[in-house]
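Letter by letter, the sequence shown follows residues 1 to 752 of the working numbering.
Notes follow once the structure below has been shown.
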Amino acid sequence: MPPSGTLGGGSRQLLKRLRDVMAGQGTGQERLDRIVRVIAQGLVAEVCSCYLVRGGMLELFATEGLRPGAVHQTRLAMGEGLVGDIAAHARPLALADAQSHPNFAYRPETGEEIFHSLMGAPILRGGRVLGVVVVQNRTKRHYAEDEVETLETVAMVMAELVSAGLVSDEEALAAEQGEPMPARLEGIHVHDGVAVGTAVFHRPRIEIRRVVAEDPEAELVRLEAAVGGLQRQLDELFAASELARAGEHEGVLEAYRMFALDRGWNARLKEAIRSGLTAEAAVQKVQNDTRARLAQVVDPYLRERLMDLDDLHHRMIQHLTGDAGRRELPDDAILIARTMGPAELLDYDRARLKALVLEEGSATAHVAIIARALDLPTVARVPEIRDKVSPGDRLIVDGTHGVVYVRPGDDVIDSITTLIAATRAAEIRHAGLRDMPAVSLDGVKVSLNLNAGLLVDLAQLDRTGADGIGLYRTEIGFMVRPRYPTVSEQTAMYQQVLAIAGERPVVFRTLDAGGDKRLPYLSYDEDENPAMGWRAIRMTLDRPSLLRQQLRAMLAAAAGGPLSVMFPMVAEVAELVDAKLMLDLELDRLRQAGAAAPEKLRVGAMIEVPALLHQLPALLPRVDFLSVGSNDLLQFLFAADRGSPRLAGRYDPLSPAVLSLMARLIAEAGAGGVPVTVCGEMAGRPLEAMTLIGLGFSSLSMSAGALPPVKAMIRSLDVRALAAYLDRLIRAPDRSVREKLRAFAADHGIAI
Ligand code: PEP
Ligand code: MG
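What follows is the structure in structure tokens.
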């Protein structure tokens, strides 16, 4: 027999034989024994073995060519040996000289020492590794790429047999789960809010009943029809989405539709069909490949795109199998997903959704942006949530703290229900504060502003009664688009913001991209410490056309009205001078075109890099305002990554160091006649906001949810008494003065 495995004829024949065996008589074990024989023959290998996951180990379930006594005896841990390596990384391996591979683990009971080459593929189902199929040869055989492909296809067919009960579900469950117990799982906070509800899996598994194609041509026709159908579905979704109409999310959905037109993707699907798979199995195979790639990719942007692609595959399989995927949604659904495309979230009835929990994802993922826009409590990166939760389980999601309580006891539910009721009552109380001034008991007026980055955030201006937008993070509008927005697109973006804000001032921050806020369409070199790397003003000064285009759009949007521009991550006055030069050039250009310059143009810098604090005499005459980005400033001050869960809480913003720094800044800036705001998270926490006001800050900017409690705090505060107390605390040797300040607030009846 000629070396086979070529895609097309050889592969198709092998698949047909496998299908016959699977449909034939016998127990699962007997059929598996026959399958390994068929594969060994089909791929001209002396050995074919099948390892399956049982009790967390890879157990040799069947072999042709190794010693039969090793069956059900040889067991490997995930990651152990080459088989364990294939399983742990969910990716195939092909080695002409397997024994020289560093991961090779010799098992004497198998008698495999005489086989030199090895090719293996993971048996995957729904992104999980069910086992591994390997072939081995005595000679140092170089397996061709199409042979690896064939083995992967074979592995898919085997996945059907395996998941049809070779290792029974009860057995697998008993080994891996035990009694369902209450659990507390931690992830990362994506969107605030607490919800109690019922677990619903976003993607209940779709059964693919036909794997091997009778007629590849007919399958190609089915595939084309499904791609067309998918296209229409996405178009409809796109048109129907209110969010899309608001303009903000067009980019997200559009990026998503692009995949459906991608040639490479289409070609891979067709190839899989020609190798003998049905259209749905072909999609699943390509999906498996994507997931295997996902496991390897660390670049956050690429991961997001691969997740979008995963979503697309699922929709295709739904189309092809006629499984609409819609399950009856309870009216208190807590959606559980490994990850999710943004469009998929929009597909759900918002009225029935209480919360979202993701196994992967990040706060900057597209789906996170949509979840925030829908005001859905959301926790991401909860490891193995889909293994630890069963559909129908009772869950509590605490989006604020990034915690999920699984099957909580009644006492936990009771205390959370009380918390939810208290939060609601506070919300109602706070709504009454909307039109009340933010003035302290001793008459100090504080300007309270919002941080925003999406058009939907601006709706909160009216709801909270905020004075304006203290920080508009323009990069978010860039992140949700598939390509760099043109000047006119940017102009439209800023015009909309200004139109909604009306009379209220808006501070536009220029692009703070880079670091963890990557723009899909810009290439970056990997920095070892991205937060301290090529980001924000460093990047835009190196790419002056980007900065100039953005400033041009801002000037155009202001159309002669007032405009405030703020530069992020300024480390030295010279950077600010350079950035202002760009602004001057754009002002000249504006004048030459005969357009109106802003009636009042204010230029500010963010205080995020400690070095800038040491240049205040040169800085102050060159700015109209300053804004403390305490998130970055504190991470650089303490040299403590702001995103590190291990360091969270280690250094307290309410420490003498921070207090004295802030006091010095406000005093020096005040003497120079420059107003200073705080727009980091610190400004939105009542105790911290109280302290800042006590130190002399009279303007804060925060997220919408934080504003009412801060206003309530201000209205119960006597600033003078606090200022005197702070003066003493600044000199304290303590690591933190938080508890002292809390006690002060309690003693003085300040609403914290
Ligand atoms: C900050 O660093 O405090 C800030 C407001 O900017 P961002 O959180 O967008 O980095
Ligand atoms: Mg910052």
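Each residue gets a CB set at the ideal place from its N, CA and C atoms; glycine is no exception.
Between the Cα of residue i and the Cα atoms of the options, which residue gives the shortest distance?
i	options	result
D332	Q490, S703, G197	G197
V573	I607, Q549, L551, L563	I607
N451	I428, V628, S523	V628
I416	S362, G399, P485	G399
Q490	A724, V200, A556	A556
R305	L76, M582, S362	S362
I469	R91, R394, V678	V678
A77	L151, A605, A88	A88
R755	L726, I336, Q592, V719	As shown, the chain starts at 1 and ends at 752. That puts residue 755 outside it, with no answer to give.
G10	A23, V129, V154, L130	V154
G643	A531, A559, G228, F508	A531
I114	E59, V283, E46	E46
G392	L637, R31, H202	H202
P759	A368, P377, V357	Because the chain spans 1 through 752 in this model, residue 759 falls outside it and cannot be assessed.
Kindly identify the DSSP beta-bridge partner or partners of residue i.
i	result
D398	V194, V403
K445	V439
L376	For L376, which the question treats as bridged, DSSP gives no partner whatsoever.
M119	A94, V135
N451	L471
H189	V379
F201	I336
R184	Y405
R125	R128
V212	L277
I'd like the span of the beta strand (DSSP E) that includes residue i, first residue to last.
i	result
A732	Careful: A732 lies outside any beta strand (DSSP E) and carries neither H nor E.
S701	699 to 702
M606	601 to 607
A77	75 to 77
S49	47 to 54
Would you say the beta carbon of residue i comes nearer than 7 angstroms to a heavy atom of ligand 4?
i	result
D512	Absence of ligand 4 is noted for the structure shown, with ligand 1 and ligand 2 being the only ligands found.
With a threshold of 16 other CB atoms inside 10 Å of the CB of residue i, please say whether the residue is buried or exposed.
i	result
H313	buried
N288	buried
K711	buried
Q318	buried
A40	buried
A449	For clarity, residue 449 is Asn in the given sequence; the question names Ala instead. Buried, because 16 or more other Cβ atoms sit within 10 Å of the Cβ of N449.
M436	exposed
Q231	exposed
R650	exposed
E236	exposed
Y106	exposed
V754	Any property of residue 754 remains undetermined from this structure, which presents the chain solely from 1 to 752.
L18	buried
K140	exposed
R245	Summary for R245: the model assigns pLDDT 45, below 50, so the residue's position carries little reliability, and this model does not support an answer.
A513	buried
E64	buried
T464	buried
H191	buried
Q177	Caution applies to Q177, whose pLDDT of 38 falls short of 50 and renders its modelled position unreliable; the model cannot decide the point.
R685	buried
A667	exposed
E688	buried
In terms of residues, what are the limits of the alpha helix (DSSP H) holding residue i?
i	result
S488	487 to 501
R268	263 to 274
A62	No alpha helix (DSSP H) holds A62; the beta strand (DSSP E) holding it covers 57 to 64.
G479	The amino acid occupying residue 479 in the given sequence is Met; Gly does not appear at that position. Here the alpha helix (DSSP H) through M479 covers 474 to 479.
L717	Taken as a continuous stretch (DSSP letters only), L717 belongs to no alpha helix (DSSP H), as it is neither H nor E.
T423	410 to 431
G42	28 to 42
F744	738 to 747
R386	385 to 388
A162	Looking at the sequence itself, residue 162 is Val, so the reference to Ala does not match. First-last for V162: undefined, no H or E at that position.
A88	81 to 89
At least one CB of chain C closer than 8 angstroms to the CB of residue i: is that the case?
i	result
P216	The chain labelled as chain C is not found in the depicted structure, where only one protein chain is given.
Any alpha helix (DSSP H) of 4 or more consecutive residues that is wholly inside the region 660 to 714: 686 to 695, 707 to 714
Sequence ranges, alpha helix (DSSP H) only - wholly within the region 615 to 657, length at least 4: 616 to 619, 630 to 637
Please specify which runs of the alpha helix (DSSP H), each continuous and at least 4 residues long, are wholly inside the region 490 to 575, giving them in chain order. 536 to 542, 544 to 558
In chain order, which continuous runs of the alpha helix (DSSP H) of length 4 or greater are located wholly inside the region 296 to 364? 300 to 321, 342 to 347
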